[in-house]
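This report refers to the structure that appears directly beneath it.
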Amino acid sequence: APAAPTAFAFDPARVGSLTGLTLTDDRIADILIALGFAVERGATWSVTPPTWRRDAEGPADLVEEVARIEGFDQLPTTPLPDQGAPSRGVLSPRQARVRLARRALAAMGYAEAVTWSFTKQSIATLFGGGDEKLVVENPIAADLDCMRPSALPNLIQAAARNAARGHADAALFEIGPIYLDDQPNGQRTVISGLIAPRSARHWGGAPEDALFTLKGDLIALLDQLGAPTASLQLVQGQNRDWWHPGRSARLQLGPKNIMVEFGALHPRVLKALDADAPMLAFEIVLDSVPEPRGAKSKTRGPANLSSLMPLTRDFAFVVEDGKPTGDLVRAVAGADKALISDVRVFDIYRGKGVDDGFKSVALEVVLQPVEATLTDAEIEAVSAKVVAAATKLGAVLRS
Numbered sequence: 038a039p040a041a042p043t044a045f046a047f048d049p050a051r052v053g054s055l056t057g058l059t060l061t062d063d064r065i066a067d068i069l070i071a072l073g074f075a076v077e078r079g080a081t082w083s084v085t086p087p088t089w090r091r092d093a094e095g096p097a098d099l100v101e102e103v104a105r106i107e108g109f110d111q112l113p114t115t116p117l118p119d120q121g122a123p124s125r126g127v128l129s130p131r132q133a134r135v136r137l138a139r140r141a142l143a144a145m146g147y148a149e150a151v152t153w154s155f156t157k158q159s160i161a162t163l164f165g166g167g168d169e170k171l172v173v174e175n176p177i178a179a180d181l182d183c184m185r186p187s188a189l190p191n192l193i194q195a196a197a198r199n200a201a202r203g204h205a206d207a208a209l210f211e212i213g214p215i216y217l218d219d220q221p222n223g224q225r226t227v228i229s230g231l232i233a234p235r236s237a238r239h240w241g242g243a244p245e246d247a248l249f250t251l252k253g254d255l256i257a258l259l260d261q262l263g264a265p266t267a268s269l270q271l272v273q274g275q276n277r278d279w280w281h282p283g284r285s286a287r288l289q290l291g292p293k294n295i296m297v298e299f300g301a302l303h304p305r306v307l308k309a310l311d312a313d314a315p316m317l318a319f320e321i322v323l324d325s326v327p328e329p330r331g332a333k334s335k336t337r338g339p340a341n342l343s344s345l346m347p348l349t350r351d352f353a354f355v356v357e358d359g360k361p362t363g364d365l366v367r368a369v370a371g372a373d374k375a376l377i378s379d380v381r382v383f384d385i386y387r388g389k390g391v392d393d394g395f396k397s398v399a400l401e402v403v404l405q406p407v408e409a410t411l412t413d414a415e416i417e418a419v420s421a422k423v424v425a426a427a428t429k430l431g432a433v434l435r436s
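This is the structure we're talking about:
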């Protein structure tokens, strides 16, 4: 036969202290007796569970039974004591920008990769690293024996592994350290992104070049970080040798502040990393992105929209083929900042009628009147400023 239930001591005041219910001793005793418990009242009660309630082993179980029968809806709501406003963590400017970049890239459809800060020494050499001072004495693996000089090798290998498993269309990013030398200031924080476009074949023809998509994402990210995107200089043909020489460029604020390199990766480098298909990438050196001059307000000011209709004027300039079109756009946009609201490229032509080594760039200039409709004389004056600004770059108005 099963052992007889064992009695245990019970203080009815525990009901109030554990649940907040205000019940008389008689009410507590009635509930327990109705459930089959034997109750001996005194200074301290002695309660014996019934034989069918082997789960009741102590005072807390009795309090639970009383609360269940009385009704959980009767439990009083007591607010916790006010401890004051919780302290909010304060992010450093760098941490805030990293978080902003992470959210912006995720919103663009990039997936974050978290990879090792090590790579193989031979791979590091391909990306300008591999110095003996950065070789790890006791690596965790034979192919992770050197501190990485760039985050791009890891992203390339991650995209290649995905492609080998049937997921060829990749868009990855990583924010982390790179190591240029063994000095304290040799560690830099970079924001690296990579896309491996694999567009399905379509009867409508080839899709837009993914390089322009990458550049658009890059400019949008820099704008989110507060970089002066309107002042950036685009320089082609000077990227380091792991970039494709004809499909890559850099953005800089003067020759001493190279902010980002982007474009197609060199096929030789991709082959060395077992990547079979073309890949495009960018790498921003976060330390080179200047801090915004003023803190951005969370609220926008009122929109100052003119009630007057804008008007457009088209210009075609002949310029040297090696001259970046962006330089011409910036020069024209700055010809009259009060009236020129936008400048758009709508055609670039090379061929008959244009000398070899030159190109014709067609621009649409949007003029936005502010106070009154522009007169013909005012429009001609702005047009003259546009032509003069382009002429300073060596461009000639096409007749």
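First residue of the sequence shown? That's 38 in the working numbering, and the numbers climb one at a time after it.
Even glycine gets a Cβ: it sits at the ideal position worked out from N, Cα and C.
Keep in mind it's a predicted model, so treat the numbers as computed, not measured.
Checklist entry - From Ile385 to Phe395, what does the alpha carbon distance come to, in whole angstroms? => result 11 Å
Checklist entry - Would you say Pro347 and Ser378 are within 8 Å of each other, going by their C-beta atoms? => result yes
Checklist entry - Would a C-beta distance cut-off of 8 Å place Leu231 and Leu189 closer than the cut-off? => result yes
Checklist entry - Does DSSP put Ala97 in a helix, a strand or coil? => result helix
Next on the checklist: Once DSSP output is grouped into helix, strand and coil, what is the label at Asn74?
Outcome noted: The question names Asn, but residue 74 in the sequence shown is Phe. Reduced to three states, the DSSP call for Phe74 is coil.
Item to check | Rounded distance between the beta-carbons of Leu217 and Pro176, thought under 8 Å | outcome: With a Cβ gap of about 19 Å, Pro176 and Leu217 do not count as contacting.
Checklist entry - Smallest Cα separation from Tyr147: which of Leu192, Thr162, Gln132 and Pro116? => result Leu192
Next on the checklist: In this structure, how does DSSP classify Gln270 when only helix, strand and coil are distinguished?
Outcome noted: strand
Checklist entry - For the 8 Å Cβ check, are there 3 or more pairs between the stretch 246–266 and the stretch 303–323? => result yes
Item to check | Reference Leu163, options Thr59, Gly263, Lys308 and Arg367, closest by Cα | outcome: Lys308
Checklist entry - For the putative contact between Thr362 and Val398, defined by C-beta atoms under 8 Å, what is the C-beta separation to the nearest angstrom? => result 6 Å
Next on the checklist: Give me the residue from Leu69, Pro304 and Ser325 with the minimum Cα distance to Leu317.
Outcome noted: Pro304
Next on the checklist: Just to check my reading of the structure: Val424 and Leu434 have Cβ atoms closer than 8 Å, yes? What is that Cβ distance to the nearest angstrom?
Outcome noted: 5 Å
Next on the checklist: Going by C-alpha to C-alpha distance, which of Ala71, Leu72, Asn222 and Ala50 sits closest to Asp62?
Outcome noted: Ala50
Item to check | Pro234 burial status per 10 Å Cβ neighbour count (16 or more: buried) | outcome: buried
Checklist entry - What residue does the alpha helix (DSSP H) around Pro130 start on, and which one ends it? => result Pro130 to Ala144
Item to check | Ala207 versus Asp180: straight-line alpha-carbon distance, rounded | outcome: 24 Å
Next on the checklist: In whole angstroms, give me the CA-to-CA distance for Pro86 and Glu149.
Outcome noted: 58 Å
Item to check | Three-state secondary structure assigned by DSSP to Ala196 | outcome: helix
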